[in-house]
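First the structure, in the form of structure tokens, and then the observations on it.
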Amino acid sequence: MAIKRRDFVKVAGLGAGAALVAGPRAAWPDERAMARAESGESFVLLRKEQQKRRAELPPAADFHRLPLEWYQAKAKALKDEARRRGVDGGILLTTRWNIIYATGLLHSTTERPFACFFPMDDDEGLIWLHPYLDHQLVQGWWKTDAHSYFDYHHGEGGEPYAERVDQGRTVNVYKWWGRTLARLGYGDKTIGVDSGAAAEIGLLPGHEDADRLDMFGDIDTPQPQRPSGGKFGIMAREMPDAQFVDVYDILIRHRVVKDEMETQLTQRAMDYFSEIHAFVRNYLIERGRGTLDWEVENAARLWGMHRIMQDIPQDGETHNAVGIDVGLGCRTGRKTAYPHPNQVSWARIEPGHAFQFSGVVRIGGYGGEQYRSFLFAPWTDWQEHVWDVHTASYYIQAEESRAGNTCSNVAKAVHDYQVRNRCAHLIYHRPGHGEGMEGHQPPYQALGDYTVMRAGMHFSNEPGLYDPENGFGYNHGNNVLVAPERGLQMGTAPCDREWCLLEI
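Quick look at the structure:
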């Protein structure tokens, strides 16, 4: 029986106009403040900064996802490299970010095994091995063949969508992968697989004991073999004449260096993010002290999504308006004193607080971080000193992120400056990490990572300083594009005293 809203209100004992959610409305985004925050001083300051920096930054994309042709060209390049490693059957990708990067099929994953296969004997070929719940995604995208199991764990003959509800024997999906590829004619071939999962954190074959780790240095090139354990070992038992060779290092080396189109799409996301920052600064000024950080966070998310979706058509169809994410966070006061706090954001802004607005914005899967650390008057000399040191570190990191420099050198330049300026006890982490669709990716701007940076790489820009004893911390953030002369901060929200040091 359906309950009408009028009846629900009556049963709940609420009169006309009463709130359905009990409790104060103080945490709700204020509509009038949001309307006023859409324009004003912060947007004027942002436009000045953008005008000053636009010539040095890449143009923002006029598309909201990479085209299918980009992925098809990428797949060809990956196959060409795998072929030089002896792969003559095809490449089987089984991890989410490798699949998305090589095919463009943005999807979510659970425990259900999901894979794709690029056959070497078909230049345009793409074969899917997937759970049935992703049927429409696969059918509506690039494919030359597709095979599905109903769900995990799959029971043989159990296909309710086809009116077969059999309780058959349990099907091992990894065995099913092997049997399917063997049946398709690849049972005696060399298959490239993404088995070397350590590559995902920058440890390539032969680098386990490296004294000076460099992602682009020499590696122990994987050789074809018969895996004995794990999912590939299970699969191999169904393909007794096949060989398998790891190609994960090939994938990750491609993923960490972005091309022109990837960078332009990232710039589009960062431009939206910069506008969200201007809105947040205006909103802070409008709402002032006593405002919950949770309120600011949710007002920003609401405004940000509306701003982005003004420009991107959305008809509810698959593969359109994909990879769009406005993941934001706000924290004020003592919570800023911890690099990765575990307490909820539910504190009111007060005079003397540090305040951080942070997050990641992505369009078509591409984007990056942009954080700003505010300080509300009255502040102490020590709070101001740490803010100055942190802000200078933020610019030093970007300046040092040039092609040909090492990640370790970037970290040393930042940490040396922080230590010289009496902030050693406030350092809790490296300045930055590689940035990709998945968020953190190698290499890392850390003292022990000697990777030589290449033009087109993206890094987070976050040399944070934290003072738990005094209850404050700062961590500006940005997405840095490695360029020949210096790194370019792709976010354009100002990061100076006028923007960040406020009286509210």
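Take the sequence shown: its position 486, counted from the start at 1, is 491 in my numbering, and no numbers get skipped.
Cβ atoms here follow ideal geometry from the backbone N, Cα and C, with glycine treated the same way.
Just so it is clear, the structure is predicted and the values come from calculations on it, not from any experiment.
Where residue i falls: helix, strand or coil (DSSP)
i	result
M495	coil
R10	For R10, the predicted model reports a pLDDT of 36, less than 50, meaning its position is unreliable; a value from the coordinates is still stated below. Of the three classes helix, strand and coil, the one that applies to R10 here is helix, per DSSP.
A17	In this prediction, A17 has a pLDDT of 38, which is less than 50 and means its spatial position is unreliable; what the coordinates show is noted afterwards. Of the three classes helix, strand and coil, the one that applies to A17 here is coil, per DSSP.
M275	helix
R435	coil
G28	With a pLDDT of only 44 at G28, under 50, the local geometry of the prediction cannot be trusted, and no value is derived from it.
C121	strand
D454	strand
N483	coil
D421	helix
Y343	coil
H212	coil
H430	helix
R502	helix
A66	coil
A241	helix
A460	coil
V327	coil
V415	helix
E61	helix
Span of the beta strand (DSSP E), counted from its first residue to its last, around residue i
i	result
W351	No beta strand (DSSP E) holds W351; DSSP gives it neither H nor E.
A2	Because the chain is modelled from 6 through 509, residue 2 falls outside the range shown and cannot be assessed.
Q228	From DSSP, Q228 is part of no beta strand (DSSP E); its letter is neither H nor E.
T337	D330 to T337
I509	Run containing I509: none; DSSP gives neither H nor E here.
S47	Here S47 belongs to no beta strand (DSSP E); instead the alpha helix (DSSP H) covers E46 to R58.
F512	Here the chain covers residues 6 to 509 and nothing more, so residue 512 does not appear.
G541	Outside the shown range of the chain, which is 6 to 509, sits residue 541, and nothing can be said about it.
CA nearest to the CA of residue i, picked from the options
i	options	result
R459	C412, L110 and D501	C412
A38	P448, D472, A203 and L289	L289
G369	S363, M220, H395 and I313	I313
P63	I432, L270 and Y400	L270
S378	W308, Y471, N410 and V252	Y471
A187	T341, H140 and F122	F122
Q402	W102, H140 and H420	H420
P245	H481, G192, T296 and D251	G192
L71	A202, Y371 and Q248	Y371
P356	L431, V252 and F477	F477
V365	G444, R339, D156 and T185	G444
G91	R306, L506 and T195	T195
P499	Q55, V176 and G45	Q55
E490	G496, E404, H481 and N414	E404
Y479	T341, A305 and H282	T341
Q3	G295, R427 and L51	Residue 3 is absent from the structure shown; the chain starts at 6 and stops at 509.
N103	G441, R425 and T185	G441
H345	E467, W147, E267 and L134	E467
F68	G328, A40 and I281	G328
P232	K263, G222 and S200	S200
G163	D171, Y157 and D156	D171
E474	L431, R258 and I255	L431
Segment limits, alpha helix (DSSP H) that includes residue i
i	result
Y76	L73 to R88
N103	R101 to T108
M39	E36 to A42
Identified DSSP bridge partners for residue i
i	result
G235	Its beta-bridge partners do not exist; DSSP assigns none.
A488	R407
E440	H445
D472	F477
A359	L380
L218	D454
**OP:** Go through the stretch 243 to 325 residue by residue and report every complete run of the beta strand (DSSP E) that reaches 3 residues or more, in order.
**Re:** 248 to 251
**OP:** Tell me the start and end of each unbroken beta strand (DSSP E) in the stretch 132 to 205 that is at least 3 residues and wholly inside, in chain order.
**Re:** 132 to 136, 150 to 154 and 195 to 198
Subject >> Any alpha helix (DSSP H) of 4 or more consecutive residues that is wholly inside the stretch 364 to 412 >> reply: 386 to 405
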